[in-house]
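This report refers to the structure that appears directly beneath it.
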Ligand SMILES: [Zn+2]
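Numbering (the working numbering), first residue to last: 346 to 624.
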């Protein structure tokens, strides 16, 4: 199997298994470090029919993403005032709902059909595919979407065409070098995090190669830690998720959380990458 990003034939098998399909293997390119699955078995139909959720409960979903939506909004809010925004893979629209309060105009692209009435209710313009949208934007965002895409280069090139001259493309993806995988080597976490929907996992290095191949300039790629120390210690002690809800009250202080994030960032081992690309 050839690496999609650099064309190398050399890859090694990564430890762990894919949580929803035990037949899939996880590979890492020995040359560029791209992490990819041995097969892609998901098609657009899967997302259109809400198969990403166990059951479709809009309000519950909104609640689950609220913290991330708010973090992303706070990160970007100073640059969206009076601007035209597109969120590609906009999910339940939680980020756009917040962005709507400052931006001139917001719209989303989302395959999932069940979200449509909710966008109508909140007066957020919605497209079911990028090809339907003929506008250009000041800011295009895409949060935890690019890792789901079979032809990421094609999509980045399409998104680039939709940027205005001084436009920015802001992308967030999971980091392939999450400390739980690469430093602590938590077997339980690896069996939990690899998922047949995540076809590729990127690092700072591979994400910047992808952007350059699409003809974009890398303004920055920042390491972000979504989960605090309590979550990591809980994985290591109990082999389970959710430690940030069980142990946060006595463990996580703002100071510790910030220090832990910057320590992981210095090792390239946070759980998340946030990138800004320009023309
Ligand atoms: Zn490669």
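Using N, Cα and C, we set each Cβ at its ideal position, and we do this for glycine too.
Predicted model only: the values in this text are computed from it and were never measured.
What residues match up with residue 614 in a beta bridge as DSSP calls it? The residue labelled residue 614 in the question sits at position 269 within the chain shown. Beta-bridge pairing links residue 614 to no other residue.
Measuring only the C-alpha atoms, how far is residue 425 from residue 439? Start at 1 with the first residue of the chain shown, and residue 425 comes out as number 80. Start at 1 with the first residue of the chain shown, and residue 439 comes out as number 94. So the alpha carbons of these two residues sit roughly 16 Å apart.
Could you check if residue 353 belongs to the surroundings of ligand 1, using beta carbon to heavy atom distance under 7 Å? As a first step, residue 353 is located in the chain shown; it is residue number 8 there, counting from the start. Yes, ligand 1 has a heavy atom inside 7 Å of this Cβ.
If you reduce the DSSP assignment to three classes, tell me which class residue 462 lands in. Position 117 of the chain shown, counting from 1, holds the residue named residue 462. In this structure, residue 462 counts as helix in the three-state DSSP scheme.
Taking DSSP's pairing of strands, which residues face residue 619 in a bridge? By 1-based counting over the chain shown, the position of residue 619 is 274. Looking at the DSSP output, residue 619 bridges to 517, 567.
Rounded C-alpha distance that separates residue 531 from residue 539: For this step, residue 531 is matched to residue 186 along the chain shown. For this step, residue 539 is matched to residue 194 along the chain shown. Straight-line Cα distance between these residues: approximately 12 Å.
Length of the line joining the Cα atoms of residue 536 and residue 353: For this step, residue 536 is matched to residue 191 along the chain shown. For this step, residue 353 is matched to residue 8 along the chain shown. Rounded to whole angstroms, residue 536 to residue 353 spans 26 Å at the Cα level.
Mind checking residue 587: buried by the 16 CB within 10 Å criterion, or exposed? The residue labelled residue 587 in the question sits at position 242 within the chain shown. So residue 587 counts as exposed.
Option in 398, 356, 528, 479 with minimal Cα separation from residue 372: As a first step, residue 372 is located in the chain shown; it is residue number 27 there, counting from the start. Ranking 398, 356, 528, 479 by Cα distance to residue 372 puts 356 first.
To which residues does DSSP link residue 452 through a beta bridge? Within the chain shown, the letter at position 107 stands for residue 452. BP columns for residue 452 point to 431, 470.
With a threshold of 7 Å (Cβ to nearest heavy atom), would residue 376 be considered close to ligand 1? Here residue 376 refers to the residue found at position 31 of the chain shown. Yes, Cβ of residue 376 sits closer than 7 Å to a heavy atom of ligand 1.
Just to confirm the assignment, what range does the alpha helix (DSSP H) spanning residue 577 have? Within the chain shown, numbered from 1, the residue matching residue 577 stands at position 232. First-last of the alpha helix (DSSP H) with residue 577: 574 to 583.
With a threshold of 7 Å on Cβ separation, who are the neighbours of residue 566 within its own chain once the five nearest residues in sequence on each side are excluded? One-based indexing of the chain shown puts residue 566 at position 221. Here the set comprises 549, 552, 553, 618, 620.
Tell me residue 371's beta-bridge partners as DSSP assigns them. Here the question's residue 371 lines up with position 26 in the chain shown. As computed with DSSP, residue 371 is found in a beta bridge with 382.
Relative to the alpha-carbon of residue 466, which residue among 581, 403, 418, 396 has its alpha-carbon at the smallest distance? One-based indexing of the chain shown puts residue 466 at position 121. Closest option to residue 466, Cα to Cα, is 403.
Three-state secondary structure assigned by DSSP to residue 510: Taking the chain shown and counting its residues from 1, the one referred to as residue 510 is at position 165. Here residue 510 sits in strand by DSSP.
Please report the residue range of the beta strand (DSSP E) in which residue 482 lies. Translated into positions along the chain shown, residue 482 becomes position 137. 482 to 488 is the span of the beta strand (DSSP E), which, as asked, contains residue 482.
Tell me whether residue 452, by its Cβ, gets closer than 7 Å to a heavy atom of ligand 1. Counted from its first residue, the chain shown places residue 452 at position 107. Residue 452: no, Cβ never under 7 Å from ligand 1.
Name the residue from 462, 511, 492 whose alpha carbon lies nearest to the alpha carbon of residue 481. Mapped onto the chain shown, residue 481 falls at position 136. The candidate whose alpha carbon is nearest that of residue 481 is 511.
Simplified DSSP state of residue 357, which is helix, strand or coil: Within the chain shown, residue 357 is the residue found at index 12, counting from 1. Looking at residue 357 - three-state DSSP - the assignment turns out to be strand.
As assigned by DSSP and simplified to three states, the class of residue 539: Residue numbering aside, residue 539 sits at position 194 when the chain shown is read from its first letter. Secondary structure of residue 539 (DSSP, three-state): coil.
For residue 521, tell me which candidate among 546, 594, 562, 508 has the shortest Cα-Cα distance. As a position in the chain shown, residue 521 is number 176, starting the count at 1. Among 546, 594, 562, 508, the Cα nearest to that of residue 521 belongs to 546.
Alpha carbon to alpha carbon, how far is residue 597 from residue 615? Give it in angstroms, no decimals. Position 270 of the chain shown holds residue 615. Position 252 of the chain shown holds residue 597. C-alpha separation (whole angstroms): 16 Å.
Where the alpha helix (DSSP H) containing residue 522 begins and where it ends: As a working mapping, residue 522 is identified with position 177 in the chain shown. Element bounds for residue 522: n/a, residue is neither H nor E.
Thinking just about the alpha-carbon of each residue, which of 400, 528, 557 is nearest to the one in residue 608? Position 263 of the chain shown, counted from the first residue, corresponds to residue 608. Per the Cα distances, 528.
Residue interval of the alpha helix (DSSP H) (run including residue 554): Against the chain shown, residue 554 aligns to sequence position 209. Residues 549 to 558.
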